Amino acid sequence: MTVQAVRPLSAHALGIGFVCWLLLSLYGVLSADETAPTHKLQWSYVPVAVFADTPFTVSLRATQQPSVQGVSDAGRLRASSANAWDLTIDPLADEERIILRSGEDVIRIHLRSVPTARDGYDLRRSPTFGGESDAVVLVAQRRKQAGDRRYSWLRRLQSPSFSQWQIQWPHAVTWGQSPLLASVEAWTQAINGDRILVLCYRDMYLGWSPQDYAATLSWILAAHQHAGHHVALLAPIIHPAEVQQSQVLLRTIRQVADDYAVPLIATESLQKEAYWHVAPDVAGTWFNATGRQALQDFLQPLTDALVDIPPEGFVQNGEE
């Protein structure tokens, strides 16, 4: 009876022991997964655009030093803190595609000069533009020498004809997003005529450095000139109360327009508070009906065409 009593107990104990062993094994596997080092590479900072004559730095995270392919000096990769690395890239000396590897993980960064119809790379894939694939940095050229700027005032006095030029509005985005950055893809693909690019005041709220904004805008202008078409800029339409705040943005735009010798259409005549009011003493985010009519009257003589003005401005889905 003792043996018979022990057997079931032993079998039961064995079953409990097996379950405990299984749970402990699973716990060990899970714990090992949580504590095992990962070699996964991840971008932590990539600039939107740079000038070709200026080296720049990208930042990434990895638990061990990644290998680098495509840079002329591998010593430009250095640790900045624990599991964080900085890589200095020289657009004039390094390759257009730079590859970093850590374990089995691979990430790439593409240096893109002026786009062509055959390059086929979708900017929206890049983390810089909201994607999750390879990073892209737009590489712009400085076009004019310092001496040539002496005559920029003369170009501003000229009155070029914009007859039949296309008006390109900024891409509509939600607050906190850049209209310029969101417009890069649409403004540089399928360029089939002369264009007036409408710049948006909201970029002055987004912490752009003047250098990054200038390089991005320069890249867009270069794309049009490379395609053999004329391009002009319509200065941002600013609420009168924010004119002072917009000076850095406006100065940067003027410098780029001078550098690429493109017309910059002034909009000071549209800086009227009445054009923004949506209620007494309440300003909206875009022109009211009176302001939109004034803008239409402003553009029609320039283009010799009736221009449709976006009723919601450049705020996506009317969000504020």
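Counting in the numbering used here, the final residue of the sequence shown is number 320, and the numbers go up one at a time with none missing.
Glycine included, every Cβ here is placed at the ideal spot set by N, Cα and C.
Fair warning: this is a prediction, and the values are worked out from it, not measured in the lab.
Extent of the continuous beta strand (DSSP E) to which residue i belongs
i: Ile339; result: Any question about residue 339 goes unanswered here, given that the chain covers just 1 to 320.
i: Ala79; result: 77-81
i: Trp187; result: It is not in any beta strand (DSSP E) - Trp187 instead sits in the alpha helix (DSSP H) that spans 179-188.
i: Thr57; result: 56-61
i: His110; result: 105-112
i: Thr322; result: As displayed, the chain neither begins before 1 nor continues past 320, which places residue 322 out of reach and without an answer.
i: Asp86; result: 84-89
i: Arg195; result: 195-198
i: Ile238; result: Note, Ile238: premise wrong, no beta strand (DSSP E); not H, not E.
i: Val139; result: 135-140
i: His230; result: Per DSSP, His230 belongs to no beta strand (DSSP E) and is neither H nor E.
i: Gln168; result: 166-168
i: Gln69; result: 67-69
i: Gln42; result: 42-45
i: Ala322; result: Nothing in the structure corresponds to residue 322, since the chain is present only between 1 and 320.
i: Val243; result: Where Val243 is concerned, there is no enclosing beta strand (DSSP E), given that its DSSP letter is neither H nor E.
Residue i versus residue j - alpha carbon distance
i: Arg143; j: Ala305; result: 32 angstroms
i: Ala135; j: Glu96; result: 12 angstroms
i: Arg254; j: His229; result: 20 angstroms
i: Leu302; j: Leu87; result: 47 angstroms
i: Trp208; j: Gln69; result: 30 angstroms
i: Arg164; j: Leu299; result: Before going further, note that residue 164 is Gln rather than Arg in the sequence given. Taking the straight line from one Cα to the other gives about 11 angstroms.
i: Trp276; j: Arg292; result: 9 angstroms
i: Val248; j: Arg112; result: 27 angstroms
i: Ala323; j: Tyr45; result: The first residue shown for the chain is 1 and the last is 320, placing residue 323 beyond what the model contains.
i: Phe287; j: Tyr260; result: 30 angstroms
i: Leu197; j: Ile109; result: 28 angstroms
i: Pro280; j: Asp258; result: 40 angstroms
i: Glu34; j: Leu100; result: Because the pLDDT of Glu34 is 40, which lies under 50, any placement of that residue in the model is unreliable, and the number read from its coordinates should be weighed accordingly. Going from the Cα of Glu34 to the Cα of Leu100 covers about 24 angstroms.
i: Phe51; j: Gln166; result: 28 angstroms
i: Ala106; j: Val262; result: Contrary to the premise, residue 106 reads as Val rather than Ala in this sequence. The alpha-carbon atoms of Val106 and Val262 are separated by roughly 41 angstroms.
i: Gln42; j: Val58; result: 11 angstroms
i: Ala74; j: Asp53; result: 19 angstroms
i: Leu270; j: Ser161; result: 20 angstroms
i: Arg341; j: Lys40; result: For residue 341 there is no data in the structure shown, the boundaries of the chain being 1 and 320.
i: Asp297; j: Glu185; result: 29 angstroms
i: Val71; j: Phe314; result: 40 angstroms
i: Asp90; j: Ala274; result: 49 angstroms
i: Arg61; j: Glu312; result: 40 angstroms
i: Ile238; j: Ala182; result: 20 angstroms
i: Asp212; j: Thr290; result: 35 angstroms
i: Val282; j: Pro310; result: 20 angstroms
i: Val231; j: Gln177; result: 24 angstroms
i: Leu250; j: Ile98; result: 34 angstroms
i: Arg76; j: Leu199; result: 37 angstroms
Proximity of residue i and residue j at Cβ, strictly below 8 angstroms
i: Leu236; j: Tyr201; result: According to the sequence provided, residue 236 is Pro. The question's Leu does not apply to it. Yes; because the gap between Cβ atoms is below 8 angstroms, this pair is in contact.
i: Leu221; j: Val256; result: yes
i: Asp194; j: Pro179; result: no
i: Pro47; j: Val137; result: yes
i: Ala49; j: Trp187; result: no
i: Ser102; j: Gln141; result: no
Minimum C-alpha distance to residue i - residue among the options
i: Ser104; options: Pro66, His224, Val139; result: Looking at the sequence itself, residue 104 is Glu, so the reference to Ser does not match. When each option's Cα is compared against that of Glu104, the closest is Pro66.
i: Lys272; options: Val243, Tyr260, Arg101; result: Val243
i: Leu233; options: Val307, Ile265, Ser113; result: Ile265
i: Ser246; options: Gln189, Pro210, His224; result: Pro210
i: Thr252; options: Leu92, Asp73, Glu185, Leu217; result: Leu217
i: Glu268; options: Ala62, Ala294, Glu185, Pro310; result: Ala294
i: Ile191; options: Lys40, Tyr275, Gln225; result: Gln225
i: Asp308; options: Gln42, Trp169, Asp53, Val262; result: Trp169
i: Gly284; options: Leu250, Pro240, Pro263, Asp53; result: Pro240
i: Val114; options: Phe56, Arg76, Arg61, Ala227; result: Ala227
i: Ala93; options: Arg61, Phe56, Ser183, Pro311; result: Phe56
i: Gln189; options: Asp212, Leu250, Ala223; result: Ala223
First and last residue of the uninterrupted alpha helix (DSSP H) at residue i
i: Thr285; result: Taken as a continuous stretch (DSSP letters only), Thr285 belongs to no alpha helix (DSSP H), as it is neither H nor E.
i: Thr174; result: Careful: Thr174 lies outside any alpha helix (DSSP H) and carries neither H nor E.
i: Phe298; result: 289-303
i: Ala223; result: 210-226
i: Ala257; result: 247-259
Quiz item: Can we say the stretch 77-85 touches the stretch 162-173, given the rule of at least three CB pairs closer than 8 angstroms?
Solution: In this structure the stretch 77-85 does not touch the stretch 162-173; the number of beta carbon pairs closer than 8 angstroms is below three.
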